[in-house]
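Residue numbers (the working numbering): 747 to 1002.
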Amino acid sequence: MMSQAGVEIPRRRDALAASGRLWKGPRGRHLAEPGFAMTLSCEQTVDYNVAICHAPAAEVIRRALAEVDDSGSPALIMLAGAALGAARTLSDAGWVPVGTVPFMSLSISSGGLDGSVRRLDLAGLTVLRSHVEEAFGLPPLGARLAVPDSAAIDAHDADPAFAGWGLYQDDQMVAGLETVFVNDNVCIWSMATPPGLQHRGYGRRLLTGVLAQCSIQGAETCLLIASTPGEPLYLSMGFAVVEYWQVWSRPRWVLA
């Protein structure tokens, strides 16, 4: 009989992978099934054409390669779990490992609400995009893919699973992030504080307030992939590293 951890980890991988549909964009496509998911914006920006493979078969990796080739877009393929045993499929296709990322999880407990943490409308999303550009060095196209209009509370095409959030200080948004609900999981993307406002506790306060809101909405677990600067914050808040995902790409896409 498979252990609870043996069941839960694949489910959590699938949940985070499914949440990537956030950045599909107007020209892209999204596929999600147990052990494999892919979101292709079909734009020429490597960070927003991503496949996550963890099924125990080289076939899912070959499928990801075929989808990337068909899209004509630069991409990343992340391997986890049993798929790591088929990594040679990528090296045989001319792909190379470019690093690892921590997949992190937190069991959410109810907490007090923070009135300074607010859902974002379209105007607020515009500010969040500027924060994302500054914090991550993204071009405007990348920021627009990362923060789509459908996450705004007043968007005509608002997606009920998406939400943008901001922490306000004296009517200024000092930090922001996005959430995507997948069943009872809430997935965090694009958490950003402008460089001039960092190291003041804004990120911690924002995430604490957002998770309190998400708990009321039924979220039990928070999932995310941490950036290198963000990992210490998440660890200090009680997140655990579930595992590290191996990231692959083509040299010309990541070294250009």
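No residue lacks a Cβ here, since even glycine has one placed at the ideal position from N, Cα and C. Owing to the predicted nature of the structure, the values given are computational and were not obtained by experimental measurement.
Per DSSP, residue i forms a beta bridge with which residues?
i      : result
Leu822 : Val796
Ile755 : Answer is none; Ile755 lacks a bridge partner.
Cys968 : Leu852 and Val932
Tyr990 : Pro848
Leu811 : Answer is none; Leu811 lacks a bridge partner.
Leu768 : None, per the DSSP bridge assignment.
Thr785 : His776 and Val796
Leu913 : Val863 and Ala921
Ser995 : Val842
Phe908 : Val926
Within this structure, are the beta carbons of residue i and residue j separated by less than 8 Å?
i      : j      : result
Val878 : Ala938 : yes
Val993 : Met850 : no
Arg865 : Ala901 : no
Leu822 : Val842 : no
Leu762 : Leu969 : yes
Gly947 : Gly912 : no
Ser853 : Glu779 : no
Ile798 : Arg757 : no
Arg951 : Asp860 : yes
His800 : Ala833 : no
Gly949 : Ala921 : yes
By DSSP, does residue i sit in helix, in strand, or in coil?
i       : result
Thr939  : coil
Gly845  : strand
Glu879  : helix
Val1000 : helix
Leu859  : coil
Thr925  : strand
Have a look at residue i and residue j and give me their C-alpha separation to the nearest angstrom.
i       : j      : result
Gly883  : Leu953 : 22 Å
Gly888  : Ile934 : 17 Å
Pro886  : Glu813 : 25 Å
Met983  : Gly964 : 20 Å
Asp793  : Met824 : 12 Å
Arg808  : Ser995 : 14 Å
Tyr980  : Thr925 : 16 Å
Leu786  : Val806 : 16 Å
Ala897  : Asp916 : 24 Å
Gly766  : Asp930 : 16 Å
Ser961  : Val863 : 14 Å
Gly845  : Ile899 : 36 Å
Ala989  : Ala804 : Here residue 989 turns out to be Glu, not Ala, going by the sequence shown. Roughly 20 Å between the two C-alpha positions.
Gly771  : Gly818 : 16 Å
Trp1027 : Thr791 : Here the chain comprises residues numbered 747 to 1002, so residue 1027 is not present and cannot be evaluated.
Leu868  : Asp895 : 7 Å
Counting only beta-carbon separations shorter than 8 Å, does residue i have a partner in chain D?
i      : result
Ala898 : Of the protein chains in the structure, only one exists, and it is not chain D.
Spatial neighbours of residue i within its chain, please: C-beta separation below 7 Å, excluding the five flanking residues on both sides.
i      : result
Leu777 : Ala783 and Met784
Which same chain residues end up closer than 6 Å to residue i when comparing Cβ atoms and leaving out the 5 residues on each side of it in sequence?
i      : result
Gly857 : Ala958
Phe927 : Ala907
Pro940 : His877 and Glu880
Pro802 : Ala828
Excluding five sequence neighbours on each side, which residues of the same chain lie with their C-beta closer than 8 Å to the C-beta of residue i?
i      : result
Pro997 : Val842
Ile971 : Leu762, Val847, Pro848, Phe849, Met850 and Trp991
Val893 : Leu871, Leu874, Arg875, Val878, Gly910, Glu924 and Ser936
Ile755 : Gly827, Val988 and Glu989
Gln918 : none
Thr835 : Ala804, Ile807, Arg808 and Leu811
Ser837 : none
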